[in-house]
Structure formats: C-alpha cells, structure tokens
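First up is the structure itself, then whatever we jot down about it.
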Amino acid sequence: MSSLVKEDLNKKLFKSLGQRLYEFIEVECSGKDRFYLCASVTKGEEVQITMVKHFRIGLDENYEISEKWFLDDLEMIDGKEADTDNPWFDMHFKKVYSWEAYSCASKYAFARTLNKLNEMYLQKDLKIVNFDFTYINDGSLWSSNNGDDCLRSSFGKGLFSPAQAAGSEKMTAIKHALQRDIFTPNDERLLSIVNVCKAGKKKRNCFLCATVTTERPVQVNVVKVKKSDKGDFYKRQTAWVLRDLAVVDAKDAIKENPEFDLHFEKVYKWVASSIAEKNTFISCIWKLNQRYIRKKIDFINVSSQLLEESVPSGENQNVAGGDEEVVDEYQELNAREEQDIEIMMEGCEYAISNAEAFADKLSRELQVLDGANIHSIMASEKQVNILMKLLDEALKEVDQIEVKLSSYEEMLQSVKEQMDQISESNHLIHLSNTNNLKLLSEIEFLVNHMDLAKGHIKALQEGDLSSSRGIEACTNAADALLQCMSVTLQPGHEMLHAVKQQQQRFSDLREQFARRLASHLNNVFVQQGHDQSSTLAQHSIELTLPNHHPFHRDLLRYAKLMEWLKNTDYGKYEGLTTNYMDYLSRLYDREIKDFFEVAKIKMTGATKEGKKFGLHGSSGKLTGSTSSLNKLSVQSSGNRRSQSSSLLDMGNMSASDLDVADRTKFDKIFEQVLSELEPLCLAEQDFISKFFKLQQHLSIPGTPMSDAEEVDGGTLSRAHNTGGLQSMSSENHMIRQMMIKIFRCVEPELNHLIALGDKIDSFNSLYMLVKMSHHVWTAQNVDPTSFLSTTLGNVLVTVKRNFDKCISNQIKQMEDVKISKKSKVGILPFVAEFEEFAALAESIFRNAERRGDLDKAYLKLIRGVFTNVEKVANESQKTPRDVVMMENFHHIFATLSRLKISCLEAEKKEAKQKYTDHLQSYVIYSLGQPLEKLNHFFEGVEARVAQGVREEEVSYQLAFNKQELRKVIKEYPGKEVKKGLDNLYKKVDKHLCEEENLLQVVWHSMQDEFIRQYKHFEGLIARCYPGSGITMEFTIQDILDYFSSIAQSH
1 MSSLVKEDLN
11 KKLFKSLGQR
21 LYEFIEVECS
31 GKDRFYLCAS
41 VTKGEEVQIT
51 MVKHFRIGLD
61 ENYEISEKWF
71 LDDLEMIDGK
81 EADTDNPWFD
91 MHFKKVYSWE
101 AYSCASKYAF
111 ARTLNKLNEM
121 YLQKDLKIVN
131 FDFTYINDGS
141 LWSSNNGDDC
151 LRSSFGKGLF
161 SPAQAAGSEK
171 MTAIKHALQR
181 DIFTPNDERL
191 LSIVNVCKAG
201 KKKRNCFLCA
211 TVTTERPVQV
221 NVVKVKKSDK
231 GDFYKRQTAW
241 VLRDLAVVDA
251 KDAIKENPEF
261 DLHFEKVYKW
271 VASSIAEKNT
281 FISCIWKLNQ
291 RYIRKKIDFI
301 NVSSQLLEES
311 VPSGENQNVA
321 GGDEEVVDEY
331 QELNAREEQD
341 IEIMMEGCEY
351 AISNAEAFAD
361 KLSRELQVLD
371 GANIHSIMAS
381 EKQVNILMKL
391 LDEALKEVDQ
401 IEVKLSSYEE
411 MLQSVKEQMD
421 QISESNHLIH
431 LSNTNNLKLL
441 SEIEFLVNHM
451 DLAKGHIKAL
461 QEGDLSSSRG
471 IEACTNAADA
481 LLQCMSVTLQ
491 PGHEMLHAVK
501 QQQQRFSDLR
511 EQFARRLASH
521 LNNVFVQQGH
531 DQSSTLAQHS
541 IELTLPNHHP
551 FHRDLLRYAK
561 LMEWLKNTDY
571 GKYEGLTTNY
581 MDYLSRLYDR
591 EIKDFFEVAK
601 IKMTGATKEG
611 KKFGLHGSSG
621 KLTGSTSSLN
631 KLSVQSSGNR
641 RSQSSSLLDM
651 GNMSASDLDV
661 ADRTKFDKIF
671 EQVLSELEPL
681 CLAEQDFISK
691 FFKLQQHLSI
701 PGTPMSDAEE
711 VDGGTLSRAH
721 NTGGLQSMSS
731 ENHMIRQMMI
741 KIFRCVEPEL
751 NHLIALGDKI
761 DSFNSLYMLV
771 KMSHHVWTAQ
781 NVDPTSFLST
791 TLGNVLVTVK
801 RNFDKCISNQ
811 IKQMEDVKIS
821 KKSKVGILPF
831 VAEFEEFAAL
841 AESIFRNAER
851 RGDLDKAYLK
861 LIRGVFTNVE
871 KVANESQKTP
881 RDVVMMENFH
891 HIFATLSRLK
901 ISCLEAEKKE
911 AKQKYTDHLQ
921 SYVIYSLGQP
931 LEKLNHFFEG
941 VEARVAQGVR
951 EEEVSYQLAF
961 NKQELRKVIK
971 EYPGKEVKKG
981 LDNLYKKVDK
991 HLCEEENLLQ
1001 VVWHSMQDEF
1011 IRQYKHFEGL
1021 IARCYPGSGI
1031 TMEFTIQDIL
1041 DYFSSIAQSH
C-alpha cells in the first residue's frame, strides 16, 4: 500500500514540479487531513524536505505542499533515544521541529534516506544523534520504501533482537486494536501506550494510554485500559485529565528502573513492563504538557535526555507538532459518490484484474487535466504584462512625490527652529505669570484674613456696651478680631514686618476691649444688687421670692462676649466669675433669709403662737424652751382625743392647740417654700451655664430613693456627692461650686424651718418627708448631680431622721404608759392613737414616693402596740386580762380591716386570732360552772367511766344512782338558772367598755357555751341512765329565752 501512495505522490505532485521522490513517511499531525514528510531531489540536484498535506475532495485524492526546507539547511537529526523503540525525532533547521513518525521503523527509514542523499549530493557534515548507526549506515536497507520490512531485514545484522522486534510488533498490534475498539468511537487518538501493573503485583494486564480528542478544544487524557482474562477484549476503566496531573515521578534519574508514579488527586504507583515503554510514555506526557497544558507538570527523577526544552512554535508547530489533536476520520461514501465509482468501474472492467492498467489510465487523465491547467496559466501571461507596466508607472509617480516631500521638509526645518524659540519664550512668560499668581494669592490671603474693618476697631475701642445695638456691634467686632488672631499662617508669614505689626495691633485691641468689658460687667453686677434690694419690701409680706428673670435677660445679651473673653483672656473671665458670685451671694442671702422669716411667721402666726415659740418681731429667732413640748399626759379617764389633735406628739398639746387646719396650713407653707426655691435655683443654674458658657453634662437621671435605703447619718448625702463628683466634668463641677457659694444659706435655712415645724408638731415630719421626697425625686430626674438635687437630698436626710425619731418617741411613750387602778381599762390610748395615725398617714402617703419609710414605721409601731397591750393587760387589776386583750385587739383588727394596709396583713390576722382566743377564754372563765353541783356530779360519773366502769353500770354505784341524780337536778330549777345568768350579765357589763360594743358578742358566746354544757349533761344522762326518764328541769328553748330576756331587759 505504501508503494501505491508513493507512486500517487510522485505522479500528482513531484513529477509536475520536476522532482524525484526518494522517500516519504507519515507523521502524526493535528486536523482531519494526513501529512507526509517527503525527501525529494530537483533537476538542479537540490535535496528538498517537504511537508505534504493529503486531503480528499469527493473521490479525488489531492496533495499539496504546506512547507518545505532544503537539506543543505539541516544541521542535525536527533532520534531522542538510540536504545529504545520510539517514533519521535527532531530536525534542527533555524528552528527545531519535533515529529512523531507512524513507527520507529519509518523514522529510521527517513533518517537513513536523508543520510544517503547527503552523501550523494551535499557531502556535508550532517549530525545524526541518538540513532543506532548500525542501522543508519547499513546500505542493504536503502532499498526499503517504508514500513516495517526494514525490521525483518535487520534481524541478521543485529540491529534489533528478535525479542525486541516481536515486542514492538505486539505493542503495535495492541495499539491498533485499542485505537480501533476503544478510542476511535470516542473521537480520541492514541499517542502512547505502556503495559503496567500496580506496585507490588505481578499481573500485567493493564495499559496506560495517552490520548487526545479529535475535536477542538483539544483535551488530553491519561486512560487506564484493562485486558480481559478471557480473550483479547479490552475495557476502559479509568480516565484522568492531564491538567489534573501534578507530578510525574520516575523514581531515579540515573539508575534505570521500570517504576514511576503519577500524582493526580492521589498518588498512583505503577511498574512498566519495560524501561523503554516507561521512558516513551513519560516523554509523550512531557510533550503533551508542553503543547496543550498551561499549568506545567513537575517531572522529578526524570533523565534530562527525555525532557527537551525546545518546543516547536508557529506554523511548523501546528503542522508538525499538532498531529495529536485531530484523528483521521473515516468518511462514509454518499449515494452519489458510490454511483460515480460504479460508473467508473464499469468503464474500466479490467480495473480489478489489472490494477496497473487502471492506474495508468487514471494517470493519463490526470496529465490531461494538468495540461489544461498549464494552458490556462499561459493565457493569463498577457494580463500579467499589462499589470507590470502599470506598476512601473506607479513607481515613477512615487519618485516624483518623494522629491516634493524632500523640498517640503527643508522648508519646515526653518519653521521648527522658530517654533523652538517661541516655545522657550512662552515657558518663561508662563513661569513669570505663575510666580505672580502665587504672590497675589499670598497677599490676598493675608489681606482677607488679617485685615480688621475700621468699624470693628471703632466698636472695640468706643462701642456702647449698654445698648442692644452697641452690644451686637461689639460682639461682631470681637468675633472678627478672634478670627484674625486665630488664622493659621503659612511658613514664613510670621517673619514679615507687616504681619508682626498687625498681630501686635490685634493684641492691643484685645487687651483694651477685655478691660472695658470686664469693668462694664462688674458695674452691672453691682447695680443689680441695688435694684433687687428695692423690691424686697414688697416680697416681705407675701411668701414669694423676687424674680431675677429681667436681670438674667439683660445679662444674657453679653453671653457671646463672655465666651469671647473666656477664649481670649481667661484671667479676666475668672475675675468676673468671682465678682458675680460675691455680689449675688450677698443678694440671695438677704432675699432667702427674709423669705424664710416670712414662712416661719406664717407657720406660727405673729400673735400668741409666735410668742409661744419664741418669735420676736421679724427676726424669727427660736429662743423658747422646748422641754414643755415633750411632756406626756395620757388621760386616765379613757376618753379618746379628737381626730384634730396631734397624733404624733402623744400628748404634747391639747386638742385646742392645733387642729387639722393648722397641719394643712403648715403643709401648704412648706410646699410653697420648696416650690419657690426650686425654680429660683434652676433658673440661676441655667443662667450661669448660658452666661458663663459652662456646658452642663447631665448624668443619667437617678432613680428615686427606694424604700430599702437606709438614710441615716449622711449615707444618702455621700451616695449623691461621691457618685456625682466621679462623673462630673470640670465645667459641671464649676457650675456646682458657683451655685454652692451663691446659695450658701439655702440648706441652713431649710434645716431651721424643719426644726421649727418639728417643734410646732412632730406630726409635721410626715408632711415634710412626703413633700421633700417628691422634690428630691423631681430634681434627680432632671440632674442627679445638680446643686438643687444635692441640697434637697441633704435636707431630706434631716427630715427622715426627725421622722424616725418621732416613731421611736411614740414607741417609747407606749412603753411608759400607766393605767388607773380604780377604773376599767377599755381601749388603750395608744391603740386609739395608732388608728388615727394610720388613717391620717394613709391620706398623706397615698401617692408618695417614700411609701417604704411609712411601711417600716407601721411595722415598728404595730409591734410596739401588740407588746404594750399585753403588758398593760398583765398589769390590769380592775379589768380582767382577757377583756383588755379582747377589746384592744378587736379594735386593732377593725382598724386594719378598714384601712387595708397591705404591709400589715400578717398583723391583721394575728390581731384577729388574739381577739378570738381571748374572747373564748373570757367566756369560759366568766361562765365557769353555772350548775355547780350538777357539774361535780357528772365529773364523778366521767371519773368512774374513766376508771373502767361501763356507762350503763354507773347507775348502780351508790354515790351516782338515779336517786342522787334526781336530787341534784331538783336543786337547779329554771328560775334559779335565770337568776344566775342575770347576775352573770351584770358582771360582764361592768368589765366591758362601751366604746367597742362587745357586750352582745360576749353574751352570745356565753349562750353558745351554756347550751354546749347542757347538751353534754343530757348526753351523759342518756348513756349512763338509759330508760330512767330523768331530764333537766329546763330545756334548750328555756335557755334561749333566758338569755334573750336578760339581754332585752338591760
């Protein structure tokens, strides 16, 4: 078949070119067409090496030369490896071209041909490396056209051993079988194959194959194929994409061994059947990596001879090196092509019997067609001559244009010199303009930022600080001056004489205006003291404080000037602050002291009550003795004090001294005092912050004091002071210090007023505690660290102490109470007074924040009441103990039930239980044994039964027979029983007091107890004297009638 192809090439291509084809081999290239590497000699005896493309159009086989080289330019032929059978070789022209022959034999055949042609025509030093030179130089092999016949003819000469030749033929057959059965159906072309087994195993029935796809983009794969144990069947097992291959490890680059590793996602270890196959496969992998894979694979422990650095590029690479990309496709003939072939075969029936005659005929027809082509080419010669003439004329025109362009260039040369001079002049002008602009910018900066208007200067020097328009002008001028002095100068500006002079002028203006402003404001402060003093007379009668709002409004016009003074001259600003505190503190001292004097007068009255408490005139000094206010006088007659009397003094004053209206008056006056002080302090603090530009940093509002707080000995004050100071900024601290100095008399005056109220009536401490707590809570919600919040908090400590002291005194007075030995006790005074205290306290503390303090006081008082009621009951001689306990605890229970005090629920239940227990005890004690002999008789019966005598046998006892029973019963007729009950009623009436109205309750309880005893006697008679017919002289109905008639008669 190779001879037919060679003859077809010679006839259709090389003879028409006047060349003689000596040798051709098929090489692996990309695309669907086939390529042949041909060696030919021209008529001029030039040896050419051409790459011929073989393609088909319809039924015609066509050939064309895609590239050619001369043997004279060939420097070296590299067979890659001399000791292994491989189809690769390189030809070194100006570039290196790598090829893969169809087989190792065809590679040697082509190299041998080139060597012989060099000896015949060139006789140059042609380098042939990595070939077995025994085969290259063997002349007996020269006659081989192409194919594997060269292998068979070389056995005897020792070129290939029979085992190597057999192995090569076997691998070739396997390669063809794999290509046909596995890879061609998948549009792949097999490039290299190696027989392998896994490391550690001996069975070699697997093949690793390097393949490329025939469609673009080309994909290179490494495929594992396994041979079936039964027959020559091959199965594709695993395929890896070459770009996933990371490392190829040949184990040892120096010592040859068949082992190698491929690193994909994991490492695969293989052992090749021969070292030659392993090296051939690794070399193929390296070439494919160089051509198709951007990510280069690491080849380690691989001989450098297998890895070539030079890779074909350009068109040659696409032709010679890209043969792996595309596989020859088998094209099935269509119906028309089959018909044409049949017609041609029918016209040449001898084609089957005489193929050479058929080929000669086809060759003659081809020559005819070639001749027609040549005639067509010759006919176009005239057109070529005309085209050449036109080209000559065009060249002449081009010469003329070049001459004109040269003259123009000479003219432009002089213009260029002139333009260079103009450009240099423009550069200098531009530089000068740039410098002038920069200078102008600096001057404008200084003038715009350091020039103070004449109007501003005049306002600073002579501006009227008493009128609104003058103040506004001075404020604007001061701001402008501050901006001029605060401007940030560029480096070097301060060295200018004009700048220094202007800065000095600004400093003088600042100093002059600061002195003028400070002097004016000091005069305003002094004037305020005089103006406010004139208004004190009208406020001395009313309980109001003078309003400072107009003064604040006038001064706030200077707020911006004060801020300017603070930023420019802090010394004068600090002096103004001190002067303001001095003037205002004296003014507020007078106003607040007069205000508190009026409050004290209104609390006590200016007549007898004022003299009583030592208030002489308007001075309000407390000079009277307070010992008389603490005397205790409990009335032994048992009469309760009226509701209008003082419940807290426990007898400090009589009911005629003070009433509820007096306490309400005190409450309103005290509330008025706090209501006047609070806005005054807040307004002054707000003014100080705005006027002196001191930013108030408000803390998170504190929660109101809880019931669980222990307000004793300054604990509350410390909590507010220390906590506030820790979070207070310097300006906030300065505000507080100023407020403390200005209002230094507020806290002492409040304490004096509280002491007066406590002396008038200790009950006033309840009103003061509620009111003061509310104002403290309000102030803390606004600012827990403010002067007002701290001051009221400190005063609240004093109020709370007075309240606690009042409760303690009340308990002590309970303990010291004495009762009369001649009259019945009744409801104890402190029990009645507790009722009144609780009722009024509930009305005062209904919505108060300090409810917890009252609940604590309740618990202390009720414990004292319980304890001292028992104490008095034990000491009572006239009234039975049970009566004292019963009546007082009934009163306590009724009071707690009516008021519904939640914190005393447990005490309410306890009072009820004590009342019930002592009621029952008194009934049993008072009723005693109304039928005394009958009681003794039945006690004896019960004693016999207890000793073991049966109840029905008791009547047989001599002392307890029926006759004895009838005798005892006759002694208690109904008349005697009613008489005894009447005496009992009178006795109970003497014991009980009328206030509690418990007589009927006690009498009803005695009735129930008497009926219970009667039923008990009746039961004993029925059980111990059955059938005797013995009954009492009176019935239960008689008993009910007795009790009812006695109660009605009294």
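Residue 244 in UniProt numbering sits at position 244 of the sequence shown, and the numbers go up by one each step. Note that beta-carbon positions come from the ideal geometry of N, C-alpha and C, so glycine has one too.
Taking 9 angstroms as the threshold (C-beta atoms), are residue j and residue i in contact?
{"i": "C745", "j": "Y588", "result": "yes"}
{"i": "T895", "j": "A943", "result": "no"}
{"i": "K878", "j": "K824", "result": "yes"}
{"i": "residue 1079", "j": "G463", "result": "This structure cannot speak to residue 1079, because the chain is shown only from 1 to 1050."}
{"i": "M1032", "j": "E1018", "result": "yes"}
{"i": "A39", "j": "T113", "result": "yes"}
{"i": "K741", "j": "S486", "result": "no"}
{"i": "L482", "j": "N567", "result": "yes"}
{"i": "M768", "j": "F670", "result": "yes"}
{"i": "I297", "j": "A253", "result": "no"}
Check for me: the beta strand (DSSP E) holding residue i runs from which residue to which?
{"i": "residue 1115", "result": "Because the chain in this structure spans residues 1 to 1050, residue 1115 falls outside the shown range and cannot be described."}
{"i": "K56", "result": "The sequence as given places Arg at residue 56; Lys does not occur at that position. Taken as a continuous stretch (DSSP letters only), the beta strand (DSSP E) holding R56 covers V47 to I57."}
{"i": "N62", "result": "D60 to F70"}
{"i": "Q253", "result": "It is Ala, not Gln, that sits at residue 253 in the sequence shown. Taken as a continuous stretch (DSSP letters only), A253 belongs to no beta strand (DSSP E), as it is neither H nor E."}
{"i": "L545", "result": "Segment: none, L545 is in no beta strand (DSSP E) and carries neither H nor E."}
{"i": "P1030", "result": "Checking the displayed sequence, the identity of residue 1030 turns out to be Ile instead of Pro. From DSSP, I1030 is part of no beta strand (DSSP E); its letter is neither H nor E."}
{"i": "H1050", "result": "Run containing H1050: none; DSSP gives neither H nor E here."}
{"i": "K269", "result": "V267 to A272"}
{"i": "F133", "result": "Looking at the DSSP string, F133 is not in any beta strand (DSSP E); the run it does join, the alpha helix (DSSP H), is F133 to I136."}
{"i": "K235", "result": "Y234 to V241"}
{"i": "Q19", "result": "Q19 to V27"}
{"i": "L190", "result": "E188 to K198"}
{"i": "K224", "result": "V220 to K227"}
Is it buried or exposed for residue i, if we count other Cβ within 10 angstroms and need 16 for buried?
{"i": "E315", "result": "In this prediction, E315 has a pLDDT of 37, which is less than 50 and means its spatial position is unreliable; what the coordinates show is noted afterwards. When all chains shown are included, E315 counts as exposed."}
{"i": "S618", "result": "Because the pLDDT of S618 is 35, which lies under 50, any placement of that residue in the model is unreliable, and the number read from its coordinates should be weighed accordingly. When all chains shown are included, S618 counts as exposed."}
{"i": "S627", "result": "Below a pLDDT of 50, predicted positions are generally treated as unreliable, and S627, at 29, falls in that range; the measurement from the model is reported next regardless. By the neighbour-count rule (16 or more Cβ atoms within 10 Å), S627 is not buried but exposed."}
{"i": "A372", "result": "exposed"}
{"i": "F70", "result": "exposed"}
{"i": "N433", "result": "exposed"}
{"i": "R291", "result": "buried"}
Taking the alpha helix (DSSP H) that residue i falls in, what are its first and last residues?
{"i": "C872", "result": "According to the sequence as given, residue 872 is Val; it is not Cys. Start and end: R851 to E875."}
{"i": "M772", "result": "N764 to V782"}
{"i": "N118", "result": "Careful: N118 lies outside any alpha helix (DSSP H) and carries neither H nor E."}
{"i": "L208", "result": "Taken as a continuous stretch (DSSP letters only), L208 belongs to no alpha helix (DSSP H), being part of the beta strand (DSSP E) at C206 to T213."}
{"i": "E833", "result": "P829 to I844"}
{"i": "C38", "result": "Element bounds for C38: not the alpha helix (DSSP H) but the beta strand (DSSP E), R34 to T42."}
{"i": "D882", "result": "R881 to L899"}
{"i": "Y1014", "result": "L999 to C1024"}
{"i": "R966", "result": "K962 to K970"}
When the Cβ atoms of the segment 7-22 are set against those of the segment 89-101, are three or more pairs found closer than 8 angstroms?
Judged by Cβ distances under 8 angstroms, the segment 7-22 makes no contact with the segment 89-101, as fewer than three pairs qualify.
Residue ranges of each beta strand (DSSP E) within the segment 487-520, 3 or longer:
The DSSP assignment places no complete run of the beta strand (DSSP E) inside the segment 487-520 (cut-off: 3 residues).
Cβ contact (3+ pairs, closer than 8 angstroms) linking the segment 942-960 and the segment 901-912:
No: fewer than three Cβ pairs fall under 8 angstroms.
Pairing CB atoms from the segment 107-114 with CB atoms from the segment 127-136, are three or more of them under 8 angstroms?
In short, these stretches touch, since the Cβ pair count reaches three.
Whether or not the segment 861-868 and the segment 960-970 are in contact is what I'm after, with contact meaning three or more pairs of Cβ atoms, one per stretch, closer than 8 angstroms; do they touch?
Verdict: no, contact absent.
Is the segment 196-211 in contact with the segment 21-33, if contact means three or more CB pairs nearer than 8 angstroms?
Contact annotation: the segment 196-211 does not touch the segment 21-33, with fewer than three C-beta pairs closer than 8 angstroms.
Report yes or no: do the segment 215-224 and the segment 234-244 share at least 3 C-beta pairs separated by less than 8 angstroms?
Segments in contact, yes.
Would you mind listing the alpha helix (DSSP H) stretches within the segment 432-473 that are 4+ residues and don't spill past its ends, in chain order?
The segment 432-473 contains, as complete alpha helix (DSSP H) runs of 4+ residues, the segments 454-462 (chain order).
Should the segment 988-997 be regarded as contacting the segment 1025-1039, the criterion being three or more beta carbon pairs within less than 8 angstroms?
No, they do not touch.
Below 8 angstroms, how does it come out for the segment 930-942 and the segment 953-962: are there three or more Cβ pairs, yes or no?
The segment 930-942 is in contact with the segment 953-962.
Do three or more CB pairs link the segment 483-503 to the segment 516-528 at distances below 8 angstroms?
Inter-segment contact for the segment 483-503 and the segment 516-528 is absent: fewer than three beta-carbon pairs are separated by less than 8 angstroms.
Pair every Cβ in the segment 755-771 with every Cβ in the segment 781-790, then say whether three or more of these pairs are closer than 8 angstroms.
No, they do not touch.
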